[in-house]
Ligand code: NDP
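Residue numbers (our numbering): 277 to 528.
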């Protein structure tokens with residue numbers, strides 16, 4: 277992993293940045309000299325990220341499903357770090373269960389983290405961005421929003437909601453200089469998902485079979501797309517969804 281002693285160019289918040297795709301986004305940002313505030317729940321994972329990335333990486337333990345704590349969380353970050361240029365809403369949870377077994381509580385739990393917390397955090401961060409007339413918010417959705425995936429009802433609903441919310445935010449916030457976009461990953465080989473696929477060759481072959489590029493993506497592939505949205509090169513790009521999925525979204 278890369279550490280740098282150069283001064284920061286921008287400040288970003290990345291939720292769920294201590295593992296999987298989020299960790300790759302943090303690594304990319306640190307390489308690009310962006311001071312990166314990582315929000316997660318697991319203190320051990322946060323500690324490892326801090327050790328790996330050094331001074332430009334700031335870690336904050338917070339359970340984002342605690343909505344009432346979000347305004348104070350962002351207020352504290354603002355007091356300590358000032359202007360926030362970038363927010364990446366990456367934290368997300370999933371659950372696989374047959375449709376009729378999903379309880380109201382299951383459904384609400386997934387929607388709380390994957391949608392409501394994204395809304396609440398974005399709202400508070402936008403208050404920080406507004407005085408500067410500039411900001412970039414990148415939400416991580418999923419190819420699940422394109423398909424009906426069996427036994428993944430709440431997650432699929434949540435990721436479709438994220439894409440709709442991103443577009444609504446873009447229409448309202450773009451005139452104030454704040455761009456909002458989505459990256460929709462396909463099959464990405466994180467440590468956890470790779471293990472699950474290796475233990476289930478049938479599932480793995482099915483996933484590869486519907487991916488025109490015939491291979492899984494890496495967290496770094498997603499990180500590159502996220503980073504693009506935060507750059508000058510994307511200054512006229514808002515309200516979009518960029519699939520990073522080896523062609524899955526074509527739906528062949
Ligand atoms: P991981 O499970 O590896 O990472 C999820 C991260 O979210 C963890 O770091 C976790 O932190 C954090 N998180 C979850 N709930 C909360 C919470 N309530 N408060 C704070 N942090 C929380 O998943 P991935 O890296 O695979 O996924 C990242 C994103 O990409 C998700 O939004 C997912 O839906 C999306 N995605 C992933 C795909 C894949 O193939 N991997 C495909 C499509 C989309 P902690 O451990 O500290 O709780």
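No residue lacks a Cβ here, since even glycine has one placed at the ideal position from N, Cα and C.
It should be emphasised that the depicted structure is a prediction, and the values quoted were computed from it without experimental measurement.
- For residue 481, the enclosing alpha helix (DSSP H) starts and ends at 477-485.
- Residue state for residue 369 is assigned as coil, using DSSP reduced to three classes.
- In terms of Cβ geometry, residue 318 and residue 294 form a close pair [threshold 9 Å].
- Minimum Cα-Cα distance from residue 420 among the listed residues 405, 372, 497 and 334 corresponds to 372.
- In the structure shown, residue 411 adopts extended strand secondary structure according to DSSP, grouped into three states.
- Straight-line spacing of the CA atoms in residue 423 and residue 458 works out to 16 Å.
- Fewer than three beta-carbon pairs drawn from the segment 505-512 and the segment 366-383 are found closer than 8 Å, and the two stretches are therefore not classed as touching.
- Contact holds between the segment 459-468 and the segment 477-497, because three or more Cβ pairs, one in each stretch, are under 8 Å apart.
- In this structure, 416 is the residue among 322, 416 and 308 with its C-alpha nearest to the C-alpha of residue 394.
- Judged by DSSP secondary structure, residue 316 falls within the beta strand (DSSP E) whose first and last residues are 310-316.
- The residue from 302, 288, 328 and 346 with its alpha-carbon nearest to that of residue 358 is 288.
- Proximity of the segment 363-370 to the segment 381-394 meets the contact definition, three or more beta-carbon pairs being nearer than 8 Å.
- Residue 518 has 459 as its beta-bridge partners, per DSSP.
- The shortest CA-to-CA distance from residue 521 to any of 514, 515 and 499 is the one to 499.
- Contact check for residue 456 against residue 414 passes: the beta carbons are separated by less than 9 Å.
- Residue 290: member of the beta strand (DSSP E) spanning 286-291, first to last residue.
- Going by DSSP, residue 336 is part of the beta strand (DSSP E) stretching over 333-337.
- Around the beta-carbon of residue 321, 16 or more other beta-carbon atoms lie within 10 Å, marking it buried.
- Remark: fewer than three beta-carbon pairs, one from each stretch, lie closer than 8 Å, so the segment 304-316 and the segment 378-390 are not flagged as touching.
- Residue 497 counts as buried, since no fewer than 16 other beta carbons sit within 10 angstroms of its beta carbon.
- Check the Cα spacing between residue 435 and each of 402, 411 and 519: the tightest is with 519.
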